[in-house]
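Line order of the protein sequences matches chains A, B, C and D. Under numbering that gives the first Met the number 0, the first sequence is numbered contiguously, ending at residue 615. Under numbering that gives the first Met the number 0, the second sequence is numbered contiguously, ending at residue 495. Under numbering that gives the first Met the number 0, the third sequence is numbered contiguously, ending at residue 301. Under numbering that gives the first Met the number 0, the fourth sequence is numbered contiguously, ending at residue 180.
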Amino acid sequence: MNSLILLLILMFGGALFAFILNKFVPALRDIFVVLLMLGVSYLFFSTGISNRLNFDVLGIHMQWGFTSASYLFGIIVVVLGSLALIYSTAYMKGKDRLGYFYMNFLFSIGAMLGILMSRDLISLFFFWEIMTWSSYFIVIYSGNDVDRRGLKYMIFSAIGAYSMLMAIVIVNSFIGSFLLEDVFASIFAIGSGYQIAIAILLMIGFGVKSAMMPLHVWAPRAYSESPMSYTAVFSGALSKMGVFGFALVLFNLVSTQNWLINEVVAWLAAITSVLATFYAVIQSDAKKLLAYSSIAQIGYIIIGLASNTYLGVMAGLFLAVLHAVFKSTLFMAVGAVERQVGTTDMTKISGLIRRMPWTFVATLISIIALAGLPPLGGFVGKWMLYEALITSGHYYLVIMVFLSSTAAFLYSYRILFGMFLGQEEPEFAHVKEAPLSMLIPMLILSGISVLSGSHPGFILEPIQSAMASFGFQSNLPHESWWELTVLFNTWGDKVALVNVLTSIVGVFLIALAFITIKGYKNQRYVTTKDISSSGEIIQPEDNMTFQIDFYKPFERAIWPLLKRKIDDYYTDFGKGLEALFDFVRRFYNGNGQFYAIYVMAFLALLLIAGTKYFGF
Amino acid sequence: MVISPVQYIAIPLIAAFLIPLFGKLNKELVRIIPGLVLLYLSYISVVLMNQVISQNTMIVEIIAGWRPPWGINLVFSPFSGFLASLFSMLGFIIWMYTYNFKREVEDAQTEKFYVLMMMLITGTIGIVLTGDIFNMFVFLEITAISAYSLTAFYRERDGAEAAFKYLLVGSFASFFILLAIVLLYSQVGTLNMADIAQKMPDVNPYMKGVILMLFFVGFGIEAEMFPLNGWAPDVYTQAPGPIGAIFAGMVVKAGIYGLVRVIFTLFDVHEIFPLLMIMGVITMAVSEVIALRQGKLKRMLAYSSIGQMGLVLVAFGIGTHEAVFAAIFLMFNHAVIKSLLFLSGTYLVYHSKEKNISDLDGIGKSLPFTSFLFALGSLAIVGLPPFAGFWSKLYILMAAADVRLIAVIAIILAVSVVEIVYYFRVLHRIYFRERISTIEIKIPSFNAKISMLILAIVIIVIGVYPDLISGLIERAATDLLDKQHYIQSVLSVGLH
Amino acid sequence: MNTILIQILGALATILLAFIVGMFYGGAHRKVIARIQNRVGPPIYQNFIDVLKLYSKETSINHGVMQHMGPVFAITASITSLMFVPILTDGNWFSNLNFSGDLVFLVYMMVFGSLGMALGAGQTGNPNSAIGVTRGLSQMVGYEIPFVMAMVALMTQFHTTSITGMIAVQQQSGTWLMFSNPFAFMAAIMAMLGMFSYAPFDIVTAPAEVSSGPISEFGGKYLGMMMTSGSIFAFVKLALFVDIFMGGASNLVVLVIKTFALYMIPVLYGVISPRYRTEQAITYFWKWPLFFGFIAILYAAF
Amino acid sequence: MYNDKNAQTIVDYIQNFTRKNSLFMLAYGTGCGAIELPATLTSRYDAERLGVRGAATPRQADLLLITGYLSTKTLKRVIRVYEQMQDPKYVIGFGSCTINGGMYWDSYNTIKLLDKYIPVDVYINGCMPRPESVISGFQELKRLIAAGKADGAKKYKENLEWYRENQKKVLKNWPLVEYNW
């Protein structure tokens, strides 16, 4: 059997089997799902990109198979999926409806693989929708639909998916084929009006999944309310499907002369990232903070893709991979805190650093990667993005990105401080470190973040082959990508990452050794209750941590931007629609006589109009 | 016994009249006989369809030795045969569902129920199979009368009111169709549809228009076209659950069959297609929008059903081969899926007086199987892959795109979003609310479960592998569009 | 092996230079303030005494490993930034690693220390520290934007993102960049006011409000290391500005003159200013500096 | 010379030089005397030229300047602050109140002699001491530091029980955690 089909059968069949297994032998469920996912990962990695499967359904020719671009995203999906499932076994322990949860979990991973292996628009859409509803079912898994977040997610997904579908059928009506290669080959032959319309409709579809402004309103709640083990996949991999789609559209369906679309997309993404960052800054719930942060980060990725330069696209894809790595780590870490402490409200928790040190380490590394500080991987992506934008003349765009990533320091610090630093409270004294099966995925992912900072070549190599399949030819030195440690821009400026790493680590170690050895004997640890407080004596039960209105001054500085949320506009629009619908409903007033009158009137109208318009 | 299409009409009718007699012998026979009959009909459907498809002909059955165009005849063409097969199989599944339905309370009325149900099914099958326009009117009346009675089956105030509305509007339908037939006969002097189609070019265009409009409105009422569908929501709500499934799955389909047969074969005027499409779009948009604001489950399903019929009309109105294919596919999908929704939905609100959606809160835990099937049906009806509804919607869109009806595509998709909203709202209530309602729940009987499961499996199988049925539908679409072939096939029987 | 040794020795020399210059500038800062306030002021070498004293304090108290590492982060950032900033334009002196990084990298490297420091401050659990950190980070968002705008303007104008490239441009044309793109210089200088965190932007460590903010729990060797880091960092910033806007320095004397002249801008602006509130500071940077930055980019691009 | 215990090594000499020339002062302004400090620190007397500068928190401070009487309420805070300071640390008692209660001699809730509770290195007497006296107090402290005799902290550590006893006599419900050095 073709391994592509086997892959899908394993995923979907396995999902159903997990559901049934949970009914009869719940004990085996966890082992089964993890083994299944690992098996699928193995199968995925053994499936080359040359494997193609052609078949017809309903007279529609379809083709499956990975390209090197989708393979790159596939790696994200299977790696994150496996790790998140391992994490999930501990995280979800003791919750109910696990069969339901794992079924949808596996469904959505399977659907993502399906999306990536689709070489035609129909199977793309087919799996896209499976992904949508399976993720919807997980979003509402945790119970009551507070302010209808699940529905909002579904509505936006549906709008996105259907505009995609519209584009797909229009494309087909011109080209007569759904195959991506045919579409790419002949898209430029059709009228430019339709061409732009198709691109925009497709981008609405992908923009919803990648939570781009102004289609992002579902995302914060959906990310923050699904179980964290799934959010890791949701934000890490599922939103990347939108990015993947954007890549397809921007590189293959928008002609290069059409710079306006690229420009508009890039600016939308930039506004998304700035606003989402600002919203993230003012959140006090760690999950929502990360949710907004995800939106912002995907904004960078899309800016990179839309910059349409070699370095920019590489930066976008690199950030896509890396965002999957560090953001899922962060969601996992927050999930670990949620599981061990019971809340993620940062105004309630503080000082977990000594209780959950490994979780802190994973969070710290991921945050450094997120903030884009050298020497971790985030810096590499950010650097490439900035340089790409600067060298290609997107001067103001780069300022937006800078604004967003500088403001990102604020929430980066917030999340570390809010959960791990600050006063160590006696009420958290009993908190224990998360179980090993939650820590290991986090630490593995953190390791990738670290490694990618000095030796990004091992990620850039698959990215480069992905870009070749998007039609970008390298103009950079690329003999030994694995060892690539020097980044270049097109002006020839460079950053030598190993030098950076050596310098930072060297100075850090020397300084650390110095400060530790100097006066080692008289070095004292004191509790966080013993702080200088103008002489006031803090009792153990006094919480002196500063948590509420953390960034109030900043909030005051940017208040014009926060005055009215886009969400409100949608709510008003929805209310208006419902009122209109209620009005329409009055047509059926329940009175039989009226219905009879309608019939007569309609007939009369037809007879009158019929002679005029229908040519009798 | 030689298998012939006439058995579709004869056996169920005979059975319907014999049921009370058998009821005297044994109560249980009343329940069993319809099943046997429908099973047999399903069997002959398979045989006949096989014959029709493999030999690429259509079976024209002459009744009482009168050859066309003079006598009454039955035409088992790929299109009508497909619908007849669908109706008989669906009928069998619904019979399986009804076997134990409300047994404890309704025992005394069982006979009546099954007699009416058999008549209803006979009527619908008759509509699609007949080759005679007046005969079609007769079957329409059989259908209508049994439908009126079934609507008022529970002998409640609301039921009676709904039946009355149906009767009121339905009698308009009968009147218009009869009037149209009379006028038509005055013009062409024949009642055989093939013959009419052949002679149609001779008809005075003005007269032609009037007749067509009368047919349009008459069948439009049965096909639940806006603004003629005022009766429908009440009827769906008040009729017993499985009857709702029959309405949605068969009666409406028969109405649509009548409409498209008249438009495509008898008149073949392309000027009417835009009207059909526009009416379809309006029907769809208005009813889906109203469905969003419904508080009662069955009313919501009813409006949704109307909306789907609107979509079918749109597809027929586009009129290309692809569109007709999509329309027939959607008719099939809708019959299966909406039946599943009605059947499972009935158990979800089994004891609820008001049948409010809010009564469903948290029922997913008490009725996991039924709720699951309902959820599956909901996902399928809104056209989410990998369920059957997706492919038909896709084909309709493709057909619309091919003739550049971008606005229609946009409206269909916008309406689909509305559809998603109200179905998912119900699903959310089923699964993610705490159960507060004290209404007793009813566990479906085993046979009901089996019948629903069959429908669900059909939905999934068609969804994953639509080619299983696309061949049949393809032939049906070809048949509908190929007017000459129809005329020749029917009339050639007459010439021999 | 030999080259590595030379490299390390060169780095040590650079650090020493930066430390000494920075310390003296710190002393000069205090002296200038004192003179303007009609005081005698401490001797110019006072900061050396302070640092030495801090290192010689006997006990040192911390609240955990992050606090212990906070000053290490700070000094790592200062020294690493120092390694990547060209000190002298002529000869191979003090060249360190300045060919392996560029401006974008430096912008990020300069942030590294404050964030690391912020982590250390966070672990102390002192509310004043956290407040100070939030103020500092908010202010950073304020001044980074005009600064980056100035940098982007220069980069786009001269098609290079490296500092050595900028110096080369100035040596070729013979004009300083502060004259080539005066708007960028204006924006950058106004951003520099914020970078130095002297009045009116001393909101982070405002002793009267948040009892010296992030560093309120740091004493002894920790404070000493932070002062060291601060001095080096001040030198880094000045050297960077001199390199970019004033054509670099060919020898140490020129370097000192130029950096001192530049240093006096925030110092003198500070002594006559009261302190801003945080949001005032942010909006300060988002008015005129932003405008200048905007113009600078336009000027550079067209 | 080698066996002279009071002799300073060169390291000690440098240390004491830096310590005396860099006094980070935490002024605990309890009473009316706090008003003299601004004058001491600003233009006219300019203590900064002597290396004295203010510190905001006890962690950074070397010198605790107690400017007046201490009630039982403020005493515990002073003790707290003193204990939070890091070695080496010095205390200057400022004004008569710290020496003998001054004008609060008869008060029921002020302490009379500061030295009983925390070790005081230098007293500056007067009510109020003028800035000149304060500066001379600083000079005196510097002299002591240079000579290596400003060892109040050592005394406190060695005689902790005695100090604690005195402190607890005044402070009835003992609010402080026992210090862990």
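Ideal placement from N, C-alpha and C gives every residue a C-beta, glycine not left out.
Within the DSSP secondary-structure output, H60 of chain A pairs in a beta bridge with A:D55.
Secondary structure at N355 of chain B: strand, using DSSP grouped into helix, strand and coil.
Taking a Cβ-Cβ cut-off of 8 Å, D150 of chain D has no neighbours in chain C, whose nearest Cβ is about 12 Å from it.
M24 of chain D sits in a strand when the DSSP states are folded into three classes. Looking at the DSSP output, T109 of chain D bridges to D:S70. C-alpha of F16 of chain B to C-alpha of L5 of chain A: approximately 55 Å in a straight line. Along the segment 77-137 of chain A, the alpha helix (DSSP H) occurs as fully enclosed runs of 4 or more residues at 97-116, listed in sequence order. If only complete runs of 4 or more residues are kept, the segment 328-389 of chain B shows the alpha helix (DSSP H) at 362-365, 367-380, in order along the chain.
Cβ neighbours of F104 of chain C within its own chain (closer than 8 Å, five residues either side excluded): F83.
Around F371 of chain B, the same chain offers no residue with a beta carbon nearer than 7 Å, after the five sequence neighbours per side are excluded.
Here the alpha carbon of A143 of chain B sits roughly 19 Å from the alpha carbon of I13 of chain B. Here S286 of chain B is actually not in contact with L329 of chain B; their C-beta atoms are around 15 Å apart, not less than 8 Å.
Take I547 of chain A, set aside five residues on each side of it, and the residues of its chain with a beta-carbon closer than 6 Å to its own are T346, in chain order.
For D581 of chain A, the neighbours in chain B by C-beta distance under 8 Å run, in chain order, R292. Within the same chain, Cβ atoms closer than 6 Å to the Cβ of P461 of chain A are found at L71, the five residues on either side in sequence being excluded.
The shortest CA-to-CA distance from N55 of chain B to any of B:I486, B:R474, B:K482, B:S491 is the one to B:R474. Note on geometry: alpha-carbon atoms of V234 of chain B and T345 of chain B lie some 14 Å from one another.
Counting C-beta pairs with one atom in each stretch, the segment 159-176 of chain A and the segment 396-405 of chain B have three or more that are closer than 8 Å, which means they touch. DSSP places K493 of chain A inside the beta strand (DSSP E), whose first and last residues are 493-495.
By the rule that beta-carbons nearer than 9 Å mark a contact, Y27 of chain D touches chain A.
Within chain A, the residues placing a beta-carbon under 7 Å from that of M82 of chain C are S502, ordered along the chain.
At a cut-off of 3 residues, not a single continuous stretch assigned as beta strand (DSSP E) sits fully inside the segment 91-172 of chain B. The beta-carbon of E157 of chain D is placed no less than 9 Å from the nearest beta-carbon of chain C. Minimum Cα-Cα distance from K72 of chain D among the listed residues A:A556, A:E535, A:A595, A:S45 corresponds to A:E535.
Of all residues in the segment 404-415 of chain A, those with a C-beta nearer than 7 Å to a C-beta of chain C are T405, A406, F408, L409, Y412, L415, reading in chain order. In this structure, Y147 of chain B sits near Y165 of chain B, with a CB-CB distance shorter than 9 Å. In chain order, S234, G235, S293 place their CB closer than 6 Å to the CB of K326 of chain A, counting only its own chain and leaving out the 5 sequence neighbours on each side. Three or more beta-carbon pairs separated by less than 8 Å are not found between the segment 562-570 of chain A and the segment 350-370 of chain A, which leaves the two stretches without contact. A Cβ-Cβ contact shorter than 9 Å links G92 of chain D with L113 of chain D.
Beta-bridge annotation (DSSP): S59 of chain C is paired with A:Q522. If you look at Y89 of chain D, you'll find it isn't in any alpha helix (DSSP H); it sits in the beta strand (DSSP E) that goes 89-93.
When only Cα atoms are considered, T17 of chain D and R43 of chain D end up about 25 Å apart.
CA-to-CA, the gap between Q45 of chain C and G50 of chain D works out to about 7 Å. Straight-line spacing of the CA atoms in V209 of chain B and L606 of chain A works out to 7 Å.
Inside the segment 96-184 of chain C, DSSP marks whole alpha helix (DSSP H) runs of 4 or more residues at positions 102-122, 126-157, 162-172, 176-179, from first to last along the chain. Distance from R29 of chain C to G40 of chain C at the Cβ level is roughly 6 Å; contact confirmed, criterion being Cβ atoms closer than 8 Å.
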